[in-house]
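**Q** Residue numbers (the numbering used here), protein chains in the order written: chain H, 276 to 601; chain G, 80 to 152.
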């Protein structure tokens, strides 16, 4: 990271891997909002960063921006890394989404809650007596890898396998093509293994993996879509969630007043979590420009990327609660 | 004297992506189909006292799929 060329101007050369961005991105975003409607960088194959997310949402009629490459990296990938539905264009997007929605409804999530609470307590028990812990590694990262394994009916001990793979693909692979290739090979082996296992055990297991093998996915989607959806389950279920949990803990650790209020009044937690999710949206999705298009006087060239999701300024969306986060 | 206005909520099925924010914030007004897509309960009429929840659901929908129809009495 220290070898990266330093950013000269955040509006024309931004780099989310710059140490200053990593340490505290908020002043940088404030500066970008004031100075430019659309920031740009030539890093990562060229990326635009519009000020207001919704002004450039992909239109189903123009189809000028596609989700087919949902993350940006230093060099173009030789082949796509599909993870439907987030990498699907219409009309494939809707059926791909319908496959994954049912296990994630609020009612379905409620069934997972007892295991999630038990797991959280088990993890805390391990370091409570010590008095301190690396909350990102010992807590935030452990929750989603184990819960997704639980959802898929896989041994929770396999969590480390997913953790290494995701780091290879999403962190190291962004700037290192060797890591990306290794992640790709591991991805193929891991997901085809899961798919074969689901197929063999279909009908005998109540979990999500067998559901995907026996039910809707296999009958409606191609093998590539089944594999891609499993990839999304693992990547989005694990990486996104551990980032979100980690951000919550970081905020509480750096804002003792909020932490104390949450302890004193646990009923605040659901709304506090709503606010954390809004303030620390853990995913910055990218879109690929597939047809030259113009927005706010800026011409987007095919092949370049647009970052779409970005925490909006506090006034952009009405608050859903009055829970203080600062 | 005119009757007070009535509100109805409606979920645009084509826009809904199943985030379920409306159902989470206003379960009295929204329900889910078998795939997790949201729809309004009944004919969407908002009972007195739930107007704020209707607007909260609308403003929290990431897809702008929740509409509020106001009928003057």
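The beta carbon of each residue, even a glycine, is placed where N, CA and C say it ideally should be.
Kindly list the residues whose CB is nearer than 6 Å to the CB of residue 414(H), restricted to its own chain and excluding five residues on each side of it in sequence; keep chain order.
**A** 398
**Q** Could you give the first and the last residue of the continuous beta strand (DSSP E) run that contains residue 94(G)?
**A** Neither: residue 94(G) is in no beta strand (DSSP E) and is coded neither H nor E.
**Q** Under 8 Å between beta-carbons, which chain H residues line up against residue 113(G)? List them in chain order, please.
**A** Simply 377.
**Q** Residue 380(H) versus chain G: which residues are under 7 Å apart at the beta carbon?
**A** 99, 111, 115
**Q** Of the choices 138(G), 122(G), 142(G), whose alpha-carbon is the least far from that of residue 107(G)?
**A** 122(G)
**Q** If we ignore side chains and look at the alpha-carbon of each, how far apart do residue 540(H) and residue 523(H) end up?
**A** 17 Å
**Q** Taking residue 103(G) as the query, report the chain H residues whose CB atoms sit under 8 Å from its CB, ordered along the chain.
**A** 381
**Q** Where does residue 88(G) fall in DSSP's three states?
**A** strand
**Q** Among all the DSSP beta bridges, which residues are the ones paired with residue 145(G)?
**A** 90(G)
**Q** Is there at least one non-hydrogen atom of the ligand FMN closer than 7 Å to the beta-carbon of residue 395(H)?
**A** Looking at this structure, you won't find the ligand FMN or any other ligand, since it has none at all.
**Q** List, in chain order, every chain G residue whose beta-carbon is nearer than 7 Å to that of residue 373(H).
**A** Below the 7 Å Cβ cutoff, chain G contributes 114 as neighbours of residue 373(H), in chain order.
**Q** Please return the same chain residues whose Cβ sits closer than 7 Å to the Cβ of residue 94(G), not counting the five positions on each side in sequence.
**A** Within the same chain, residue 94(G) has close Cβ partners 142, 143, 144.
**Q** Residue 362(H): buried (16+ other C-beta within 10 angstroms of its C-beta) or exposed?
**A** buried
**Q** For the beta strand (DSSP E) that residue 425(H) lies in, which residues bound it at each end?
**A** For residue 425(H), there is no enclosing beta strand (DSSP E); the residue is found in the alpha helix (DSSP H) stretching over 417-427.
**Q** On a CA-only basis, which of 526(H), 297(H), 536(H) is nearest residue 553(H)? Give me that one, please.
**A** 526(H)
**Q** Please state the DSSP three-state secondary structure of residue 315(H).
**A** strand
**Q** Looking at residue 445(H): is its Cβ nearer than 8 Å to the Cβ of residue 422(H)?
**A** no
**Q** Spell out a yes or no on whether the segment 508-517 of chain H and the segment 434-454 of chain H are touching, meaning 3 or more CB-CB pairs, one atom from each, closer than 8 Å.
**A** yes
**Q** Could you check if residue 435(H) is buried or exposed, using at least 16 other CB atoms within 10 Å of its CB as the buried criterion?
**A** exposed
**Q** If you draw a straight line from the alpha carbon of residue 148(G) to that of residue 134(G), how long is it in whole angstroms?
**A** 11 Å
**Q** What is the DSSP secondary structure of residue 341(H), counted as helix, strand or coil?
**A** strand
**Q** Which partner residues does residue 118(G) have in the DSSP bridge list?
**A** 110(G)
**Q** From which residue to which residue does the alpha helix (DSSP H) around residue 374(H) run?
**A** Note, residue 374(H): alpha helix (DSSP H), 368-375.
**Q** Check each candidate in 130(G), 129(G), 100(G) and name the one with the smallest Cα separation from residue 546(H).
**A** 100(G)
**Q** Pop quiz: residue 426(H) and residue 114(G) are said to be a contact at Cβ under 8 Å. What is the actual Cβ separation, rounded to whole angstroms?
**A** Taking 8 Å as the upper bound for CB-CB distance, residue 426(H) and residue 114(G) are not in contact here, some 18 Å apart.
**Q** Secondary structure at residue 540(H), three-state DSSP: helix, strand or coil?
**A** coil
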